[in-house]
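Protein chains in written order, with our numbering: chain A, 1 to 115; chain B, 1001 to 1115.
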């Protein structure tokens, strides 16, 4: 199993530019989560999907952030326009609801720097 | 709302020694899951160990074990025979029993291992 795949691994962009982060969950997993990690706020949930449908987006900071999951094997997190305070590590994680103990498996993260 | 507290920002241990990382949480739920994740300098989030709240027996994974005290809402991680590769940030996380809910993380404890 390839695990959760994220791209790009690193992204450096200038303020005002659009940024798109990508995630491929583990095959067969029906939940997909986007987390953000910063020094100030630690790890926090942005949004999660179940069977490609957004369930909870209360953690999305503002309208500049949007996430989609067009199919079971792909999700994107878009920031438009980007701002320096968006600099963080963005993690995608997936899990399956089959079985009692579902564990979230994380991708390697995308380190975003907005100048 | 549930919260997770890790009161030790930093810990240190010598190789081959044992170290315990503390975690407390607050919840009104009776059924939930608890996790310890390891984050090495690569930033990858790696699952170390997990515990189901309804199980009295403490989970063990090789050199890693937990002390789960449900009444005290405490979930500490013990690392035995510490190795240089154990150096990382460790996060305690809580998840509700409801399927697909997000993880709630503590702020993390940075563990350094000296030879």
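Each residue gets a CB set at the ideal place from its N, CA and C atoms; glycine is no exception.
Contact set for residue 55(A): own chain, Cβ-Cβ below 7 Å, skip 5 residues either direction: The residue labelled residue 55(A) in the question sits at position 55 within the first chain. Counting only Cβ-Cβ distances below 7 Å, and skipping sequence neighbours, we find 48, 49.
Segment limits, beta strand (DSSP E) that includes residue 31(A): Start at 1 with the first residue of the first chain, and residue 31(A) comes out as number 31. Residue 31(A): member of the beta strand (DSSP E) spanning 31-38, first to last residue.
Check: residue 46(A) C-beta below 8 Å from any heavy atom of the ligand FAD: Although the ligand FAD was asked about, the structure shown includes no ligands whatsoever.
Three CB pairs or more closer than 8 Å across the region 1016-1028 of chain B and the region 90-110 of chain A: No, because fewer than three Cβ pairs between the region 1016-1028 of chain B and the region 90-110 of chain A fall closer than 8 Å, the two stretches do not touch.
Supposed close pair residue 94(A), residue 21(A) - CB separation, criterion 8 Å: Counting from 1 along the first chain, the entry for residue 94(A) is found at position 94. Counting from 1 along the first chain, the entry for residue 21(A) is found at position 21. Rounded, the Cβ-Cβ distance is 15 Å, inconsistent with contact.
Range covered by the beta strand (DSSP E) that runs through residue 26(A): Here residue 26(A) corresponds to residue number 26 of the first chain, with the count starting at 1. Counting along the chain, residue 26(A) falls outside any beta strand (DSSP E), and DSSP gives it neither H nor E.
Beta-carbon gap between residue 1065(B) and residue 1077(B) smaller than 9 Å: In the second chain, counting from the first residue as 1, residue 1065(B) sits at position 65. In the second chain, counting from the first residue as 1, residue 1077(B) sits at position 77. Contact: yes.
Local Cβ density within 10 Å of residue 1082(B), reported as buried at 16 or more and exposed below that: To locate residue 1082(B), count along the second chain from 1; it is residue 82. Buried is the call here.
Cβ contact check for the region 77-85 of chain A and the region 1-20 of chain A: 3 or more pairs under 8 Å: These segments touch.
Distance CB(residue 1108(B))-CB(residue 1006(B)) smaller than 9 Å: Reading the second chain from its first residue, position 108 is the one you call residue 1108(B). Reading the second chain from its first residue, position 6 is the one you call residue 1006(B). One thing to note: residue 1108(B) has its Cβ within 9 Å of the Cβ of residue 1006(B).
Simplified DSSP state of residue 84(A), which is helix, strand or coil: Here residue 84(A) refers to the residue found at position 84 of the first chain. Per DSSP, reduced to three states, the secondary structure at residue 84(A) is helical.
Same chain, Cβ closer than 6 Å to residue 1089(B), neighbours up to 5 away in sequence not counted: Numbered from 1 along the second chain, position 89 holds the residue referred to as residue 1089(B). Excluding five sequence positions before and after residue 1089(B), the CB atoms of its chain that fall closer than 6 Å to its own CB belong to 1039, 1108, 1110, given in chain order.
Backbone secondary structure at residue 42(A) - three-state DSSP: As a first step, residue 42(A) is located in the first chain; it is residue number 42 there, counting from the start. In the three-state reduction of the DSSP assignment, residue 42(A) falls in the strand class.
Residue 1030(B) versus 1020(B), 1037(B), 1058(B), 1071(B), residue with shortest Cα-Cα distance: Residue 1030(B) sits at position 30 when you count from the first residue of the second chain. Ranking 1020(B), 1037(B), 1058(B), 1071(B) by Cα distance to residue 1030(B) puts 1071(B) first.
Own chain residues within Cβ distance below 7 Å of residue 948(B), not counting five before or after: The structure shown has nothing for residue 948(B), since chain B only spans 1001 to 1115.
Limits of the beta strand (DSSP E) - the one that residue 13(A) falls within: Residue 13(A) sits at position 13 when you count from the first residue of the first chain. In the DSSP assignment, residue 13(A) falls within the unbroken beta strand (DSSP E) covering 10-13.
Min CB distance residue 93(A) to chain B below 9 Å: Numbered from 1 along the first chain, position 93 holds the residue referred to as residue 93(A). Yes, residue 93(A) lies at the interface with chain B (some Cβ there is under 9 Å from its Cβ).
Local conformation of residue 1084(B) per DSSP, three classes: Taking the second chain and counting its residues from 1, one reaches residue 1084(B) at position 84. Residue state, collapsed to three classes: helix.
Separation of residue 92(A) from residue 58(A), as counted between CA atoms: For the purposes of this step, residue 58(A) is taken as the residue at position 58 of the first chain. For the purposes of this step, residue 92(A) is taken as the residue at position 92 of the first chain. So the two alpha carbons sit approximately 16 Å from each other.
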